[in-house]
Structures are given as structure tokens and as C-alpha cells.
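Chains as they are written, first to last, in the UniProt record's numbering: chain A, 1 to 330; chain B, 1 to 343.
See below for the structure under consideration.
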Amino acid sequence: MKKSRALAAAGACLLLAACGTTHENAGAGGGPGATAKCGADGKYTIGMSQANVAEPYRQRMNDDIRSAVAAVPQFTVDFADAAQDNSKQVEQVDTFLTQQIDLLIISPNEATPLTAPVKRAFDKGIPVLVLDRKVDGDAYTSFIGADNTAIGRQAGEYFKNVLLPHGGKIAELRGLAGSTPARERHDGFVQGIEGSKIEIVAAQDADWLRDKGQQQADAILQAHPDIQAIYSQNDPMGEGARIAAQNAGRADLPITGIDGLPIESGGLKAVESGRLSATFLYPTGGREAVDAAKRILLDCGQVPKTQTLPTRLVTKENAAATYAELNTGS
Amino acid sequence: MTQAKVAVLPGSGRPGGGVLATLFRFQSLFGLVLVFAAAVVYSPSKNGELVFLDSGNLFNVVRSMSEIGILAVGMTLVILIGAIDLSVGSVLGLASVGSAVLLTGNDLGLVPAVLAVLAIGLGFGLLQGIAITAFGIQAFIVTLAGMQIARGLARIWSGGQGVSITYGDRPGQAPVTFSLLRERTFDGLVPIPALIFGVVAALAVVLLRVSAFSRHVYAIGGNEKAARLSGVPVKRVKIVVFGLCGLLAALAGIVHAGQLNFGGPNDGAMYELDAIAAVVIGGTSLMGGRGSVVGTVAGALLVGVLRNILALNNVDSNVQLLVIGLVIVLAAGLQRLRPASVS
Chain A
1 MKKSRALAAA GACLLLAACG TTHENAGAGG GPGATAKCGA DGKYTIGMSQ ANVAEPYRQR
61 MNDDIRSAVA AVPQFTVDFA DAAQDNSKQV EQVDTFLTQQ IDLLIISPNE ATPLTAPVKR
121 AFDKGIPVLV LDRKVDGDAY TSFIGADNTA IGRQAGEYFK NVLLPHGGKI AELRGLAGST
181 PARERHDGFV QGIEGSKIEI VAAQDADWLR DKGQQQADAI LQAHPDIQAI YSQNDPMGEG
241 ARIAAQNAGR ADLPITGIDG LPIESGGLKA VESGRLSATF LYPTGGREAV DAAKRILLDC
301 GQVPKTQTLP TRLVTKENAA ATYAELNTGS
Chain B
1 MTQAKVAVLP GSGRPGGGVL ATLFRFQSLF GLVLVFAAAV VYSPSKNGEL VFLDSGNLFN
61 VVRSMSEIGI LAVGMTLVIL IGAIDLSVGS VLGLASVGSA VLLTGNDLGL VPAVLAVLAI
121 GLGFGLLQGI AITAFGIQAF IVTLAGMQIA RGLARIWSGG QGVSITYGDR PGQAPVTFSL
181 LRERTFDGLV PIPALIFGVV AALAVVLLRV SAFSRHVYAI GGNEKAARLS GVPVKRVKIV
241 VFGLCGLLAA LAGIVHAGQL NFGGPNDGAM YELDAIAAVV IGGTSLMGGR GSVVGTVAGA
301 LLVGVLRNIL ALNNVDSNVQ LLVIGLVIVL AAGLQRLRPA SVS
């Protein structure tokens, strides 16, 4: 183990020297004073700093990265899990820097606290790919993620055009208060239903969790027995709401989610089996991040500063096909 | 009074010592040395240098444990009187939100804002202490409630949103001095939070060495009834201990906000358990009356070094949890083996 590390380090030094002449035009990596190394015949360690692996979506993001990296013999990837703790994630990024990784992929728990360590990496010349959640400022190489406001808007339009074309009373289950996706998925939804007669008569925070979704939906259905649908900001809360709806004798209440995770317990399966009326695919960006890493490290190329991943509506008609599509090649 | 004195002072040369006794008394210190040595052996190396021993890395370890360490010092006092404080993580969250809001929203100035946050922590702790002593409710229950209340207050105060801290002279910006908390001093080597942790620990060690307060704390933990009968002001000491613990939790919250430029209403969750773990690994008995701040500091650093070396070797984070869990069990097990003469 140690020997191979030393060899890798030695190899890296040689490579650095070899790359010295080309790095000027290989400006994709890192920030000021960048000494990014690159080339197809090198060996590269990627550090992946994940906000919280306990969330299935983030586990899937790691899995997508792992399977994409497995296809690139030059890459190895180390994972760190901050378990939803800003302090811990800062520490883990610093540890990656101590280890002298070649590229950092980070899905930050929250923007402001993680901005400084990301900048430290970037200023050292390490290319940084920010996944799903942003950091402040522009000291990173590329941001890859879907647009939460757009997804919320699409959900709102689905309510306006398909679920409740004549309007009606609905409830909203929100994610963790204070998180940007919770705010953006709400704002987008409000834009989406604009001009319709849909009215959000109840909204509660359920922290992205299934059990809290059930708990909140229980109370909402007690207080507002006349609601005609529930918009849940993610699939697990929607699944919880389904249980509450069944208990309240409203098994057919339309409930929509967001995320569409292509796993056995994910939203695609929930839509396929009719527990959710629809979900909106929120891609993890894992594969796209590894593609970007290849362009930077192997091709010495550039990547766009922002890559917005496309979303799509998943209903009972296309759920099975989407599931199959997202699980090929991994 | 004499009776109280007999029941106390494990840290200052009681009879019945010997090598074994010393070993048990400072188990975490020896543990720390062992883990440190193992970390040196298993350290990956880059360019012939051991990565673990890099001074930047070592100070990073202390910095990363500084918040837990500060909490754990307060927790040591509470556990020494045979109680527990589950609210410290939430108070840390409340204090980090408080720092951010007071510094950016009210243009209060650095010193008044910091003092206000410290006062909130102190007040919160004192109130918990009063609830415990006045109504005779168990500390576990009162601080369990306190944990919820502090978290609720943090979320209400911040409007459920994290509060970002920007620095400058304009309204809505925090004084630049506050950003020192994420800086390093002594040639850019020693992180300020580590320095604060060191000062807090040193003050606590001195407090527990020389003061009458210290004798009272150990006496209450050793045998509360005996302590009361021998004239120890049990209620007052308990209230002060919870007050100090709250104060330190607020200090940790200020450090937290300063390091991250951010007051997070959800921050500090589970930190109370990390602090308790550091105290237990440090050899302080959960039954009270036995233990030391030095042990706690060593316990906190031991966890930090362990986490660091596992991370440097890319051990899976789930396995890291297992390892640290095993260390806690091991430390508690050693406690049970401790010969009676050392108690």
C-alpha cells in the first residue's frame, strides 16, 4: 500500500515536470497559480466530498461516480461523507488537500461554510467540480447540477395543466427549512401554478423525510379534508403522505414527488406502482462529473463553468422505461 | 467538611497510587500516545514525508476537534457532578445563529454581540440548573427539553434559514475582526479555534485544581447526600456547573459561526454525543465524582487523531464510525476494570 503510494507520488512528480510546458494552454484546472497536471497516461486520485450519504439521492450520486470511474483505468476515487455536518465537511476537504488529490468533486452541505475550503483547493491549482449544491463566489472550475426552480416550475405546470385544470385546494410538503432546494422548489412551483385557480391551503416542513412526511400529511388531512392533491418537494415525503392519505381514507389522492431516483426504493418505482402520480427527474450529475474530470485530467481540456442538467416529467406511462434507461451501463 | 474532602480530589495525589493507578487515571492520555504512535506508523507518505506529521495536518486535527473539545470541557464538569447535559449541541446551534444575526442584522458591534451570545448560553444553562435543583427533575429530562427548546429558538430566530456572515464596515456586515476565528496565528500555523480550546481547557484545569468549587464538584459527584450533610452548597454548585456548561456551548457556537461564516439553525446536532464520548474516553465516570479535564482533552484529541489517520488512509467513513464506537466501548470497559483503590 505504502510502496504503491510512494510510486504514485514519484510518478506524479515526473508527470508534473512533463506537463510543465503544456500547462499554460491547459487552463481548465484550478485557479490562480494553477499547476494542474494532466495527460492521458497519468494516474489521478479524485476526492469526492459528499454532504450526507444517508440520503438515498446522495448515495446514488456516489454510486454513479463510482461506476463511471470504474470505466477509467487512470482514475481512483476516495469518498468522504460529512453526514450533514458543515464543520466535518470542511475538515474532510482539508484532509483531501493534505493527501494532495488531483481533482476535487464536492456536493456541499451548505454554500457559505464550504466556500472557503473549496477556494483553498481551487487556489492550489486543484480543479474543483461542484455538484448539485452551489458555493458562493466563483472560485471553482465547474458547477454541475439541475435547476431546482425549473423543476418546481415544471411540477407547478403539471398541476395547472394536468392534475387540476379547473383549480382547487392543495397542500405542499417542504424539505428542510433553510436548504436552498426547499426554497427553490417552492418558488418554482408558485411560478408554475401562476394564473391558475390552484390554492396552496397548507404547507409544512417535513425535512425531506418519509416519516415526517406522513406525520405532517396526517395533520394536514385532518385540518383540510377538502384538499385535492399534495405537492411534495421530494419522493420520500410523498410516500409518507401516501400512507397518511390511505389512513385518512383518501387512497386516491394525487401526490407528486421530485427526484425520481432509479433505485428499488426510489420515486420511479413509486410512480410505476401508482403510489405517486408523477415525479420529476433530478439527475445526480455523478456521471457528468466524471466526464468533466476526464476532459480536464486526461484531455487537458476546458469544461463549461456551469452545466445545467435537464429534468423531465415521469408518469406511470414512462416510469419503467426511464428506470431501465438510467440503470444501463452502471 | 472533612468528610467532603475525603470523598474528593482524585486528580491531586490521593493515597493508593502506584503505576497502575496512574495508568488508569490517565488512560486517555496513554491512549492518545498509542493512537498517535499508530498514526505515525500508518501514515501515508508523500515525497518521503509522513503526511500525518505535517504540522499543518496536526493543527488541523486540533482545529477540527476544538468545538467538540470546548463542549466536552463543560460536559466534564456536568458529568463530574453525576449529571448530563444533552442541550449543548442545540445551544451551539442557537449561539451560531445568534452570532450571525447579531453581527450582521443589528450592527451591534463585536464585543456586545459576543457578550450577548455568551450571556444567552450562560442564562440558558443557569435556567436548566435552576429547573433541575428547584423542581428535583433529572438533568437528563431537563436538558432533553432544553435541547428541543434551544433548537426551536435557533430556527425561529433565523427564520429557518441559515444566516450568512459577510465582513466589512457597511451596515449588515460583521466586523472584520470576527473573521479571525477562521484564521491561523503564529506564522499561519496555529488555528485560532485551537488556541481558544487550549485556553478554555487550561482555565478549567486550573479551576479544578485549586478552587473550593472544585472540591464541591467532586464531593457532589462522589456522594451528594454526604456532600450536603457536610455543608456543600449543593444546589448553588449544580446551577453554576450547568451555567458554565451553557456558557462554553455558546462559546463553541461563536467559534462555529466564525469558522464557517455562517449561523446554521440545524448545526451542532449530535455534537452533545460527541462531547459525551470525549468525556467517557477521557476516563470520567458517568456516575460522577471521578475524572479530569486533562483526560477529556486527551479523549477529544484521541478521537480527532483517529478520525484523521483513518481519513488519510481513505478508510470508509462508515468503518470510521465503527472504529470510534469500539474505542468508546473500550474506554468504558477499562473504567470497569479500574481497581477500587484508584477510585
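We put the beta carbon where it would ideally sit given N, CA and C, even for glycine.
Self-check item: Per DSSP, the bridge partner or partners of lysine 46 of chain B
Solution: Your numbering for residue 46 of chain B matches position 46 in the second sequence. Lysine 46 of chain B pairs with B:Glu49.
Exercise. Answer yes or no: does any C-beta atom of chain B fall closer than 8 Å to that of glycine 178 of chain A?
Key: Position 178 of the first sequence, counted from the first residue, corresponds to residue 178 of chain A. Cβ-Cβ to chain B under 8 Å: yes for glycine 178 of chain A.
Quiz item: What number of angstroms, rounded off, separates the C-alpha of valine 33 of chain B from the C-alpha of glycine 246 of chain B?
Solution: For the purposes of this step, residue 33 of chain B is identified with residue 33 of the second sequence, where counting begins at 1. For the purposes of this step, residue 246 of chain B is identified with residue 246 of the second sequence, where counting begins at 1. When rounded, the distance between both Cα atoms is 31 Å.
Practice problem: Would you grab the beta carbon distance between leucine 221 of chain A and alanine 244 of chain A for me? Rounded to a whole angstrom, and I think it's under 8 Å. | Solution: Taking the first residue of the first sequence as 1, we reach residue 221 of chain A at position 221. Taking the first residue of the first sequence as 1, we reach residue 244 of chain A at position 244. By a beta-carbon distance limit of 8 Å, leucine 221 of chain A contacts alanine 244 of chain A. Their separation comes to about 6 Å.
Practice problem: Output yes if chain A places a C-beta closer than 8 Å to the C-beta of arginine 336 of chain B; else output no. | Solution: Walking along the second sequence from the start, residue 336 of chain B turns up at place 336. So no, arginine 336 of chain B is outside the interface.
Exercise. Write down the C-beta distance between serine 179 of chain B and glycine 258 of chain B rounded to the nearest angstrom, noting that I regard them as a contact closer than 8 Å.
Key: For this step, residue 179 of chain B is matched to residue 179 along the second sequence. For this step, residue 258 of chain B is matched to residue 258 along the second sequence. That belief holds up - the Cβ atoms of serine 179 of chain B and glycine 258 of chain B are roughly 7 Å apart, short of 8 Å.
Exercise. Could you tell me whether any Cβ in chain B is nearer than 8 Å to the Cβ of glutamine 215 of chain A?
Key: On the first sequence, residue 215 of chain A is found 215 positions in, with the first residue counted as 1. Not an interface residue.
Exercise. Drop a sphere of 10 angstroms on the beta-carbon of isoleucine 141 of chain B, count the other beta-carbons inside from all chains shown, and report buried for 16 or more, exposed for fewer.
Key: As a working note, residue 141 of chain B is residue 141 in the second sequence. In the assembly as shown, isoleucine 141 of chain B is an exposed residue. Its beta-carbon has fewer than 16 other beta-carbons within 10 Å.
Exercise. Report yes if the CB atom of leucine 281 of chain A is closer than 8 Å to the CB atom of valine 314 of chain A, and no otherwise.
Key: Counting from 1 along the first sequence, the entry for residue 281 of chain A is found at position 281. Counting from 1 along the first sequence, the entry for residue 314 of chain A is found at position 314. Against a cut-off of 8 Å, the Cβ pair of valine 314 of chain A and leucine 281 of chain A comes out as a contact.
Quiz item: How long is the line joining the alpha carbons of serine 179 of chain A and glutamate 325 of chain A, rounded to whole angstroms?
Solution: Translated into positions along the first sequence, residue 179 of chain A becomes position 179. Translated into positions along the first sequence, residue 325 of chain A becomes position 325. Cα atoms of serine 179 of chain A and glutamate 325 of chain A: separation of roughly 30 Å, rounded to the nearest angstrom.
Quiz item: Nearest chain C C-beta to histidine 256 of chain B closer than 8 Å, yes or no?
Solution: Protein chains in the displayed structure are A and B, and chain C is not among them.
Quiz item: Which residues, in chain order, does the segment 50-70 of chain A contribute to contact with chain B at a C-beta distance below 8 Å?
Solution: Those would be Val53, in chain order.
Exercise. Please report the Cβ distance between alanine 227 of chain B and valine 234 of chain B, rounded to the nearest whole angstrom; I am assuming they are in contact, meaning their Cβ atoms lie under 8 Å.
Key: For this step, residue 227 of chain B is matched to residue 227 along the second sequence. For this step, residue 234 of chain B is matched to residue 234 along the second sequence. At roughly 6 Å, the Cβ-Cβ gap stays under 8 Å, so alanine 227 of chain B and valine 234 of chain B are in contact.
Quiz item: According to DSSP, is glutamate 224 of chain B helix, strand or coil?
Solution: Working through the second sequence from its first residue, we reach residue 224 of chain B at position 224. Helix.
Self-check item: Distance, glutamate 184 of chain A Cα to glutamate 264 of chain A Cα
Solution: If you number the first sequence from 1, residue 264 of chain A lands on position 264. If you number the first sequence from 1, residue 184 of chain A lands on position 184. C-alpha separation (whole angstroms): 27 Å.
Quiz item: Using 8 Å as the limit for Cβ to Cβ distance, is proline 113 of chain A near chain B?
Solution: Counting from 1 along the first sequence, the entry for residue 113 of chain A is found at position 113. Judged by the 8 Å Cβ criterion, proline 113 of chain A is in contact with chain B.
Practice problem: Closer than 8 Å, Cβ to Cβ, to anything on chain B: give me those residues from the segment 92-103 of chain A, in chain order. | Solution: Residues Gln92, Asp94, Thr95, Thr98, Gln99 and Gln100.
Quiz item: Hey, does asparagine 314 of chain B have any beta-carbon neighbour from chain A nearer than 8 Å?
Solution: Stepping through the second sequence from its first residue, residue 314 of chain B is reached at position 314. It does: the Cβ of asparagine 314 of chain B has a partner Cβ on chain A nearer than 8 Å.
Quiz prompt | Beta-carbon proximity of alanine 80 of chain A to glutamine 99 of chain A, cut-off 8 Å | solution = Mapped onto the first sequence, residue 80 of chain A falls at position 80. Mapped onto the first sequence, residue 99 of chain A falls at position 99. Contact annotation: alanine 80 of chain A and glutamine 99 of chain A have beta-carbon atoms that are not nearer than 8 Å.
Quiz item: Which residues in chain B sit within 8 Å of residue 351 of chain A, going by Cβ to Cβ distance?
Solution: Any property of residue 351 of chain A remains undetermined from this structure, which presents chain A solely from 1 to 330.
Self-check item: Status (buried if at least 16 other CB within 10 Å, exposed otherwise) for serine 273 of chain A
Solution: As a working note, residue 273 of chain A is residue 273 in the first sequence. Per the 10 Å Cβ criterion, exposed.
Quiz item: For leucine 309 of chain A, which residues does DSSP report across the bridge?
Solution: Residue 309 of chain A sits at position 309 when you count from the first residue of the first sequence. Per DSSP, A:Ala146.
Practice problem: Report the residue from A:Gly195, A:Gln191, A:His186 and A:Lys197 whose alpha carbon sits nearest the alpha carbon of glutamine 204 of chain A. | Solution: As a first step, residue 204 of chain A must be located in the first sequence, where it is residue number 204. In this structure, A:His186 is the residue among A:Gly195, A:Gln191, A:His186 and A:Lys197 with its C-alpha nearest to the C-alpha of glutamine 204 of chain A.
Exercise. Look up proline 181 of chain A in the DSSP assignment and say whether it is helix, strand or coil.
Key: Translated into positions along the first sequence, residue 181 of chain A becomes position 181. Three-state result, proline 181 of chain A: helix.
Exercise. Please list the segments of the alpha helix (DSSP H) lying wholly inside the segment 95-162 of chain B, counting only runs of 4 or more residues, in order along the chain.
Key: Note on the segment 95-162 of chain B: whole alpha helix (DSSP H) runs with a minimum of 4 residues are 110-135 and 139-158, in chain order.
Quiz item: With 16 other CB atoms within 10 Å as the buried threshold, where does alanine 17 of chain A fall?
Solution: Residue mapping note: residue 17 of chain A aligns to position 17 of the first sequence, counting from 1. Residue confidence for alanine 17 of chain A is low, a pLDDT of 38 falling below 50, so the modelled location carries little weight; the figure read from the coordinates is stated next. Per the 10 Å Cβ criterion, exposed.
Quiz prompt | glutamate 55 of chain A in three-state terms, based on DSSP | solution = Mapped onto the first sequence, residue 55 of chain A falls at position 55. If DSSP states are grouped into helix, strand and coil, glutamate 55 of chain A belongs with coil.
Quiz item: Taking lysine 160 of chain A as the reference, which of A:Thr256, A:Lys212, A:Ala40 and A:Arg295 has the closest Cα?
Solution: The residue labelled residue 160 of chain A in the question sits at position 160 within the first sequence. With distances taken between Cα atoms, lysine 160 of chain A lies closest to A:Thr256.
Quiz prompt | Best match in B:Ile137, B:Ile192, B:Phe124 and B:Ala95 for proximity to serine 158 of chain B [C-alpha to C-alpha] | solution = Here residue 158 of chain B refers to the residue found at position 158 when the second sequence is read from its first residue. Nearest of B:Ile137, B:Ile192, B:Phe124 and B:Ala95 to serine 158 of chain B, Cα basis: B:Ala95.
Self-check item: Helix, strand or coil at isoleucine 263 of chain A [DSSP, three-state]
Solution: Stepping through the first sequence from its first residue, residue 263 of chain A is reached at position 263. Coil, per DSSP.
Self-check item: For aspartate 235 of chain A, three-class secondary structure by DSSP
Solution: As a working note, residue 235 of chain A is residue 235 in the first sequence. For aspartate 235 of chain A, the secondary structure class from DSSP, reduced to helix, strand or coil, is helix.
Quiz prompt | beta strand (DSSP E) runs wholly inside the segment 271-300 of chain B, at least 3 long, in chain order | solution = Along the length of the segment 271-300 of chain B, whole beta strand (DSSP E) runs at least 3 residues long do not occur.
Quiz prompt | the segment 179-197 of chain B touching the segment 118-132 of chain B, judged by at least three CB pairs closer than 8 Å | solution = Proximity of the segment 179-197 of chain B to the segment 118-132 of chain B falls short of the contact definition, fewer than three beta-carbon pairs being nearer than 8 Å.
Quiz item: Under the DSSP definition of a beta bridge, which residues are partnered with isoleucine 170 of chain A?
Solution: Numbered from its first residue, the first sequence carries residue 170 of chain A at position 170. Note: isoleucine 170 of chain A sits in a beta bridge opposite A:Ile200 and A:Ala229.
Exercise. Go ahead and pull the three-state DSSP assignment for proline 193 of chain B.
Key: Indexing the second sequence from 1 puts residue 193 of chain B at position 193. Judged by DSSP in its simplified three-state form, proline 193 of chain B adopts helix.
Quiz item: Do the segment 70-86 of chain A and the segment 99-117 of chain A meet, that is, are 3 or more Cβ pairs less than 8 Å apart?
Solution: Verdict: yes, contact present.
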